[in-house]
Structure formats: structure tokens, C-alpha cells
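The structure under discussion appears below in the form of C-alpha cells.
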Amino acid sequence: MTIAYKLGSKVYLNITNICPCSCVFCLRETQSGVGDAASLWLEREPSIDEIKSTLDAYPFEGINEIVFCGYGEPMERAGVVLEISRYIKFELFAQKNKPALPVRINTNGLVYLMSPGFDVSRLAVVDTVSISLNADDSAEYMRVARPRFGVQSYDALLNFAKESSAYTNVVFTVVEGMSQERLENCMRIADDLGVSFRLRPYE
1 MTIAYKLGSK
11 VYLNITNICP
21 CSCVFCLRET
31 QSGVGDAASL
41 WLEREPSIDE
51 IKSTLDAYPF
61 EGINEIVFCG
71 YGEPMERAGV
81 VLEISRYIKF
91 ELFAQKNKPA
101 LPVRINTNGL
111 VYLMSPGFDV
121 SRLAVVDTVS
131 ISLNADDSAE
141 YMRVARPRFG
151 VQSYDALLNF
161 AKESSAYTNV
171 VFTVVEGMSQ
181 ERLENCMRIA
191 DDLGVSFRLR
201 PYE
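Under our numbering, the letters of the sequence shown match residues 1 to 203, in that order.
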């Protein structure tokens with residue numbers, strides 16, 4: 001099974017296939033793999049030791065970032081993400097006598113609903129949290145992301161973005177294709193919360 005895969009100059013970690021959303025644009029609905037991975041469907045969730053072993057053996061030449069992102073929501077395994085992040089930042093590259101690569105989490109931002117009581121300050125160990133916004137209000141978010149948590153999801157996402165920005169770099173992303181009005185609204189929401197914004201291509 002594929003735990004790590006390469007796309008461009010980045011290595012992505014695929015640690016779960018579970019996700020509380022069913023986004024209308026999700027790649028896993030139309031293809032089995034991404035980048036150099038033929039398939040990102042897991043036989044089972046990899047253990048912490050398996051993820052560490054994969055990283056230990058990975059050739060990082062030409063790689064400039066490690067990203068938690070696969071065919072599932074990585075923060076479904078928040079504890080694993082944070083432990084592996086600490087390993088990357090403080091052990092993995094120290095063993096190689098090299099500076100640690102930056103670590104990013106691609107997430108739907110619903111960790112407060114997936115793991116009530118999650119301590120957002122623990123995100124200080126990662127360099128960037130990239131949150132899929134993709135809507136400028138709750139109704140549109142329900143239509144596009146189809147979260148299993150219902151209408152409370154959008155506010156939970158915004159709250160997570162605001163609070164996590166005190167500890168790490170936060171970026172809102174939206175997939176291209178929305179109306180110009182909604183796009184500008186999303187940019188305004190990001191600005192109001194003091195987080196960055198990026199429009200990403202639909203692939």
C-alpha cells in the first residue's frame with residue numbers, strides 16, 4: 001500500500017482513507033491514484049512505525065516539503081499527524097545531518113468536530129495548515145463539501161482557522177470554478193480572519 005507518494009517537488013503522506021466530507025470535486029471519486037502513486041486506497045491504516053520507516057527509507061533529493069494529504073482526512077488521525085510531524089522536525093533529518101523540511105497539513109478544518117477537545121496549540125510543530133474553504137457561507141459549504149456533521153461544520157472550520165493561526169501559518173484554499181462573487185467573498189473571509197488565501201486548480 002502507498003504511504004508516501006511524490007507530486008512535483010513535494011512528498012505526500014497518505015495515512016487514512018476516512019473522511020467526514022464527500023466533496024463534489026474530490027479526486028478519489030474519479031481516479032485511484034495521484035502523482036507517482038498508482039493507488040492511494042489503503043489496505044489498512046499504517047502504524048506510526050510504518051510511517052516512520054517509510055520516511056527513513058525515502059530519498060528526499062529535490063523535495064522541498066512534506067505534506068499530510070492522501071485519500072482521506074489526515075486529521076482523522078490527529079495524534080499520528082502530530083507525532084510524525086515531531087519526528088520529521090526533530091529526528092528524521094537530524095539523523096541525516098540535514099535541515100528539516102517544512103511540514104504542511106492539508107485538511108478540511110473540521111478537527112474540532114472529529115476530535116472534540118483537540119488542543120490547537122499542538123499545531124505549533126507544523127509549518128502550515130492548509131484548509132479547504134471552498135464556500136463563502138454555510139449553505140454553499142453543505143452543498144459542496146457535504147460534511148457528515150451538518151450545518152455546524154462551516155462555523156467549526158472558521159473557528160479552527162482563527163484559533164490555529166495563533167500557532168502556525170494558515171492558508172484557506174478554494175478550487176477554481178466558483179463565481180467571481182463567491183471567490184471575492186472567500187478572499188474577504190480569509191482577510192477578516194488574518195489568514196492567507198490560495199486559489200488552486202481543479203485537477
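C-beta atoms are modelled at their ideal positions from N, C-alpha and C, and glycine is treated no differently.
Nearest-angstrom Cα separation, counted from residue j out to residue i
i      : j      : result
Thr173 : Val195 : 10 Å
Ala161 : Asp56  : 31 Å
Phe118 : Phe60  : 31 Å
Arg146 : Ser22  : 5 Å
Val125 : Cys186 : 27 Å
Leu193 : Ser39  : 37 Å
Glu76  : Arg104 : 15 Å
Ser44  : Leu13  : For clarity, residue 44 is Arg in the given sequence; the question names Ser instead. When rounded, the distance between both Cα atoms is 14 Å.
Gly33  : Trp41  : 8 Å
Glu29  : Leu101 : 31 Å
Ala190 : Thr128 : 15 Å
Tyr112 : Pro74  : 13 Å
Pro116 : Asn169 : 22 Å
Lys98  : Asp36  : 25 Å
Leu27  : Gly70  : 10 Å
Val24  : Ser179 : 16 Å
Cβ-Cβ distance between residue i and residue j below 7 Å
i      : j      : result
Cys19  : Gly72  : yes
Ala135 : Val144 : yes
Arg176 : Pro201 : Correcting the residue type first, residue 176 is Glu in the shown sequence and not Arg. Yes, the Cβ-Cβ distance between Glu176 and Pro201 is below 7 Å.
Glu83  : Ile48  : yes
Asn106 : Ser130 : yes
Thr54  : Ile3   : yes
Glu248 : Lys6   : The chain is shown from 1 up to 203; residue 248 falls before or after that span and cannot be answered.
Ser132 : Val151 : no
Ser165 : Leu110 : no
Glu50  : Val120 : no
Arg171 : Arg188 : Per the sequence shown, the amino acid found at residue 171 is Val instead of Arg. Going by C-beta atoms, Val171 is not nearer than 7 Å to Arg188.
The beta strand (DSSP E) enclosing residue i, as first and last residue numbers
i      : result
Thr168 : That residue, Thr168, is in no beta strand (DSSP E); it is neither H nor E in DSSP.
Lys96  : Here Lys96 belongs to no beta strand (DSSP E), and DSSP marks it neither H nor E.
Ala4   : Ala4 to Leu7
Arg198 : Ser196 to Arg200
Leu183 : No beta strand (DSSP E) contains Leu183, which is instead part of the alpha helix (DSSP H) from Gln180 to Leu193.
Leu13  : Lys10 to Leu13
Which of helix, strand or coil DSSP assigns to residue i
i      : result
Ile105 : strand
Glu65  : strand
Gly72  : strand
Val129 : strand
Val151 : helix
Val175 : strand
Phe90  : helix
Asn134 : coil
Ile121 : For the sequence presented, residue 121 should be read as Ser rather than Ile. Here Ser121 sits in helix by DSSP.
Enclosing alpha helix (DSSP H) for residue i [first to last residue]
i      : result
Tyr141 : Ser138 to Ala145
Ile51  : Ile48 to Ala57
Tyr87  : Ala78 to Tyr87
Tyr112 : Val111 to Met114
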